[in-house]
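Here is the structure we will look at, set down as C-alpha cells.
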Amino acid sequence: MDPQLSSLHDDVLAWFAEHRRDLPWRGRDGGRPDPWAVMVSEFMLQQTPVARVLPVFEAWMEVWPAAADLAAATTGDAVRAWGRLGYPRRALRLHAAATAIVHQHAGRVPDTYEALLELPGVGDYTAAAIASFAYGRRMLVLDTNVRRVFSRVVRGQQYPPRSVTSEERRLGQELMPVEGADVWAAATMELGALVCTARAPRCDACPIVDRCAWRAAGYPQGEQPKGQTWHGTDRQVRGRLLAVLRESPEPVLKGALDAVWDDAGQRDRCLAGLLDDGLVELVADDVFALPGHDEGR
DNA sequence: AAACCGTGGGA
DNA sequence: TTCCCAAGGTT
C-alpha cells in the first residue's frame, strides 16, 4: 500500500483510539455492538446531534430492546417516545422498518447493504453505517462529517458539494483501508464531529493538520450552503401541532390545536398533512390524538 | 432534482 | 438576538 496513505490511516486511527467517545450504541471492549441498537441510533442521529439523542436512545432501548418489541407497539407510542428529536416521521419509519424486520427477516436486522436499503427510512448512508458498524462489512460510509474532512484534507475546500458526487465516492473508496474499514469509518466521522467541525475547526488538535490541503491553501472560505427558512413554514406549524398531541396523554379537541397558529388555512392544511402522514389520527369529530390511541396492545 | 421534513444548543 | 447546523431520507 501507498506508504503515505498508510501513515494517514495510522495517524487518524491513533487519534481515534485516544479520543473515541464511549457512546452506548458502540460495542464494548472491541466486541460488535447490538445491530438493533446501531439501527435505532442511526435513525435518531439523522440530522440530530449526539447530545440530544443520548437520553432518548437510552429510554427507547429500555422499552424496545429488540425490533420485535417496537413492532408490537403502536406508531403513536413510537412518536411520543421520539420526543423532541425532530423529524418525527423518522419514528414512523423506524417502526415500519422494525415491522419489516419481524416479518421479512425473522426479527434480525439485515446484514447486507442491499437488504438494509430496502427498509423504510434507510438510505445510502444508514445502510452503509449499519452494515459497517454492526456487522464489520467493508462499506464506504459517507456522512456529512466524513465528506467535510475529505473535502478539506484532500480537495482543499471548506465544504463538500451539496450532494454526494461520484468524485467523492471514488476518493472515499481510494482512501478506505482493506482491513478495518469499519474503524476507519468511525474514526473519520469522529474526527469530523470533534475536531474538523463545520463552524470552528480545532486544527490545533488535528492529527493530520500537516497534510491538510485546506490549511495549506490558507483556509479559503467556501460558499455557505444557503440555510433553510423556518419562521412561518409548514414545518413550524406541524411541529407545534404535534407537540400538543405528544404532550397530552389524552386526545385533544381541535380548539387546543387551533390555539397554536393564527392562520387557519395554513393550520388546517398542516393538520391534514399530519393525518395524511400517519402522525396524527382523528379519534372522533374534532378530536385528535397520536395514532393508535385506543388500540390497546 | 430541488424542496420538504423539527428541534434546540452554541457561536 | 439571530443565524447556523446536526451520523439524511423521501418525493
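With the numbering used here as the guide, the letters of the first sequence map in order to residues 5 to 301.
Glycine included, C-beta positions come from ideal geometry on N, C-alpha and C.
It should be emphasised that the depicted structure is a prediction, and the values quoted were computed from it without experimental measurement.
What whole-angstrom Cβ distance do residue i and residue j have, given they're in contact under 8 Å?
i	j	result
V126	L146	Between L146 and V126 the Cβ distance is about 15 Å, and since that is not below 8 Å, they are no contact.
L245	V264	6 Å
L96	T79	6 Å
G160	A220	7 Å
L9	L179	7 Å
V42	I212	Not quite, the Cβ-Cβ distance comes to about 27 Å (not below 8 Å), so this is no contact.
V248	L261	6 Å
V199	C216	Going by Cβ atoms, the distance from V199 to C216 rounds to 11 Å, so no, they are not a contact pair.
A2	R142	Because the chain is modelled from 5 through 301, residue 2 falls outside the range shown and cannot be assessed.
Q162	Q225	6 Å
May I have the straight-line CA-CA distance separating residue i from residue j, to the nearest angstrom?
i	j	result
D290	S252	16 Å
Q228	P255	43 Å
L3	T192	Beyond the ends of the chain as shown, which are 5 and 301, falls residue 3; an answer cannot be given.
A204	Q177	28 Å
Q51	E172	20 Å
A197	R30	16 Å
T307	D38	A question about residue 307 goes unanswered here, because the residues of the chain that appear run from 5 up to 301.
S45	R32	16 Å
I134	D128	10 Å
L286	D208	56 Å
A102	G87	19 Å
A104	R206	42 Å
V67	R273	34 Å
L284	A202	A quick correction: the sequence has Val, not Leu, at residue 284. Approximately 36 Å between the Cα atoms of the pair.
G243	G34	40 Å
D81	H297	8 Å
What's the call for residue i, buried or exposed, on a 16-neighbour Cβ count within 10 Å?
i	result
P92	buried
R301	With a pLDDT of only 39 at R301, under 50, the local geometry of the prediction cannot be trusted, and no value is derived from it.
W19	buried
M48	buried
T130	buried
S11	exposed
S136	buried
R25	exposed
H13	buried
H235	exposed
V182	exposed
Exercise for the section: Output the residue ranges of the alpha helix (DSSP H) runs that lie fully inside the region 32-94 and measure 4 residues or longer, sorted by chain position. Expected result: Along the region 32-94, the alpha helix (DSSP H) occurs as fully enclosed runs of 4 or more residues at 39-49, 54-67, 71-75, 79-86, listed in sequence order.
Exercise for the section: Could I get the ranges of all uninterrupted alpha helix (DSSP H) runs contained in the region 163-241, with 4 residues as the minimum, in chain order? Expected result: Counting only runs of 4+ residues, the alpha helix (DSSP H) found wholly inside the region 163-241 occupies 170-179, 185-198, 217-220, in chain order.
Practice task
Assess, as a yes-or-no matter, whether the region 148-158 is touched by the region 104-112 under the definition of 3 or more beta carbon pairs within less than 8 Å.
Solution key: Below 8 Å, too few C-beta pairs join the region 104-112 and the region 148-158 to call them touching: fewer than three.
Exercise for the section: Entirely within the region 103-128 and at least 4 residues each: give me those alpha helix (DSSP H) ranges in chain order. Expected result: Runs of the alpha helix (DSSP H) inside the region 103-128: 117-121.
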